[in-house]
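There are 2 protein chains.
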Amino acid sequence: MPEKPYKNIEVQGDKSSDVVWHQASVSHQERVLLNGHEPAVLWFTGLSGSGKSTVANAVDKMLYELGCKTYVLDGDNVRHGLNGDLNFTDSDRIENIRRVGEVSKLFVDAGLLVLTAFISPFHADRELVRTLLKDRQFIEVFIDTPIEICEQRDPKGLYKKARAGEIKNFTGIDSAYEAPNSAEVHILAGTKSVEQCASQVIQYLLENKYIQQNDHSENTKEA
Amino acid sequence: MPEKPYKNIEVQGDKSSDVVWHQASVSHQERVLLNGHEPAVLWFTGLSGSGKSTVANAVDKMLYELGCKTYVLDGDNVRHGLNGDLNFTDSDRIENIRRVGEVSKLFVDAGLLVLTAFISPFHADRELVRTLLKDRQFIEVFIDTPIEICEQRDPKGLYKKARAGEIKNFTGIDSAYEAPNSAEVHILAGTKSVEQCASQVIQYLLENKYIQQNDHSENTKEA
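For the record, the sequence lines run as chains A and B.
First residue of the first sequence? That's 206 in my numbering, and the numbers climb one at a time after it.
First residue of the second sequence? That's 206 in my numbering, and the numbers climb one at a time after it.
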C-alpha cells in the first residue's frame, strides 16, 4: 500500500461510539492544478447541419493531444440517457438545455474543459447557462453557417422533412434561431474547413490563457 | 501555434459549398490512456449519518494524491442544481437516482473515477444504475453503520425530526433501507475510523487493478 495517500487524511479522536469525522475533500483549485489547464464550458451553438458537433469533436481531439482533460456533451450521449424522458415541446427543450448546463457545471467543477453541441436557438436559454457558471467559465462558440449550406448538407434529412411539413417547429424553417450577438468565438464556418474552425477555438483558448503549449505536445511532436 | 494538435485531424476535400466534414473524435480508450487508471462509479450507499459522504471524500482525496482523475457527486452539488426540480416523493427519489446514474455514466465515459454518496435505499434503483454501466464500471460500496450510531450522530438533526413525526418516510425509521447483499465493498463502518474505511476502498481498487501505485505518489512520498 502506498504511504502518501493517507498522509493528509486527518482523523479526529474516537469519542466512544460518537466518532467525530473530519471531512477531507479535494478543492476545485487542486483539481485544476492536477489537470494543468483552466476548466470551462465551450458552448457551441448554431443551426442543424452547421457543423457544431464536428467542430466540437475536432477541438476536443486537439485539446486531447495537448494533454487537456475534456469531454463532449451532445445529442448522442445526452438525448437517450439523462434527457431520455424529454420530448421536443418548448418546456422540454428548455429543460434539456438547463440539464446540459447543470451537467456542464459539474464537469467544470471537476476541472474539465467540456464542449457542448446543441442547437440552443434561444438567447435566454444560453444566458441561463451562462449565469450558472462563474466568470470565464462560459465560452459561447457561434458556428455561423448560412442556412443554405446547412440545408444543402442536411446530414439527417431533417430540413427536407421540415420543408415537407413532417417536422414542426424546426429551427431556421418555422422556428427562430436567435443568433448570439456577443459570442466569445464567432466562426464564419460556411467557407472554412473543420481544421480552420477548430484552430480558431484553440487560438482563443491559447490567447486567453485557458491552455498553454506544454511539454506534452513538444515530446510527441516528432513521433 | 503548436504543430501537433492539428496533425491527426483529417479534413476531406471541399466540394464547393458542399463541404464533407470528417468527424474526428477522441475514443473512450484514448481518454482512459491519458488518465492512467480505469474509470468506474464508486456507488456509496448507506443510512443517513452512516458516513457515506465523509468516506467518499476521504477516498477521493487519496485517489487525487495518487494522480487519479476523480469527482464526487452528492447532495451538495446535485440536489440544488441538476435535480433542483425534484422533491422527495417516491417517483422523484427514483428520478433523482436515475439522473445521478446517467451523469455518473457520462463521467465514466470521460474517463473519471466518480464517487457518489446518496442513501439510495432501494435495491431496484441501485440495480438500475448498475445496468446503465458496463462490466466492472459499477462498484457498490455499502457503508454499513448501525442505525443506533447514525441516530446518535444525527449530524443534520434529521433523525430527531423523523422520531417527532416532522419528517415522513425517513429511511430507517418509517421507510425501509434495503441493505445490499452482494456489494463489491462492504464496510463495517461503525467501529472504524474514516481512514480505515477509505483504505478498504483503495485496497479494493488496487487489488482489482483499477488503479496502481504509480510514480506520481513515489515522487512526492518524501515531500
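From the three backbone atoms N, C-alpha and C, an ideal C-beta is built for every residue, glycine too.
| Check | Outcome |
| --- | --- |
| 8 Å Cβ cut-off: residues of chain B touching A/V308 | L287, V308, L311 |
| C-beta neighbour in chain B for A/K209, strict 8 Å | With a pLDDT of 33 at A/K209, under the threshold of 50, the modelled position of this residue cannot be trusted; read the value that follows with caution. Closer than 8 Å to some Cβ of chain B, the Cβ of A/K209 qualifies, so yes. |
| Own chain, CB closer than 7 Å to A/P360, minus 5 neighbours either side, in chain order | G254 |
| Member of B/N374, B/S398, B/L333, B/S258 whose CA lies at the smallest distance from the CA of B/D295 | B/N374 |
| Buried/exposed call for B/L238, threshold 16 Cβ in 10 Å | exposed |
| Spatially closest choice to B/L393 from B/I354, B/K366, B/L410, by CA coordinates | B/I354 |
| B/F249 - partner residues in DSSP beta bridges | B/A322, B/V346 |
| Chain A contact for B/L239 (CB, 8 Å cutoff) | yes |
| Minimum Cβ-Cβ distance from B/R284 to chain D less than 8 Å | This model lacks chain D altogether; the protein chains it does include are A and B. |
| C-beta neighbour in chain A for B/L252, strict 8 Å | no |
| Test: B/Y415 CB closer than 8 Å to a CB of chain A | no |
| Contact with chain A by B/E154, beta-carbon distance below 8 Å | This structure cannot speak to residue 154 of chain B, because chain B is shown only from 206 to 428. |
| Distance between B/H242 and B/A369 (C-alpha atoms, nearest Å) | 47 Å |
| Pick from B/Q357, B/I352, B/I348 that is closest to B/V399, judged by C-alpha positions | B/I348 |
| Length-filtered (4 minimum) alpha helix (DSSP H) runs lying within the segment 319 to 405 of chain B | 328 to 337, 352 to 358, 363 to 368 |
| Interface flag, A/D295 vs chain B, CB-CB below 8 Å | no |
| Residue-chain proximity (A/D340, chain B), Cβ-Cβ < 8 Å | no |
| contact_flag[the segment 244 to 253 of chain B, the segment 281 to 294 of chain A] where n(CB pairs < 8 Å) is 3 or more | no |
| Chain-order list of residues whose beta-carbon lies under 8 Å from that of A/E307 (same chain, five-residue window excluded) | L337 |
| For B/L410, the residue or residues it bridges with in DSSP | In the DSSP output, where bridge partners are listed per residue, B/L410 has none listed. |
| Identity of the residues DSSP links to A/V277 by a beta bridge | A/L320 |
| Continuous alpha helix (DSSP H) stretch holding A/I302: start and end | 295 to 314 |
| Through-space distance from B/S404 to B/E412, alpha-carbon basis | 12 Å |
| Partner residues on chain B for A/K274, Cβ-Cβ distance less than 9 Å | R236, L239, N240, K274, A315, G316, L317 |
| 6 Å Cβ shell around A/V390 - same chain, five flanking residues per side excluded | V346, V406, Y409 |
| Listed by chain order, chain A residues near B/S230 by CB distance under 8 Å | N262, D265, K266, V277 |
| For A/L320 and A/D265, believed in contact at Cβ under 8 Å, the rounded distance | 6 Å |
| Sequence-distant residues of its chain with Cβ nearer than 6 Å to B/A367 (five each side left out) | F375, I378 |
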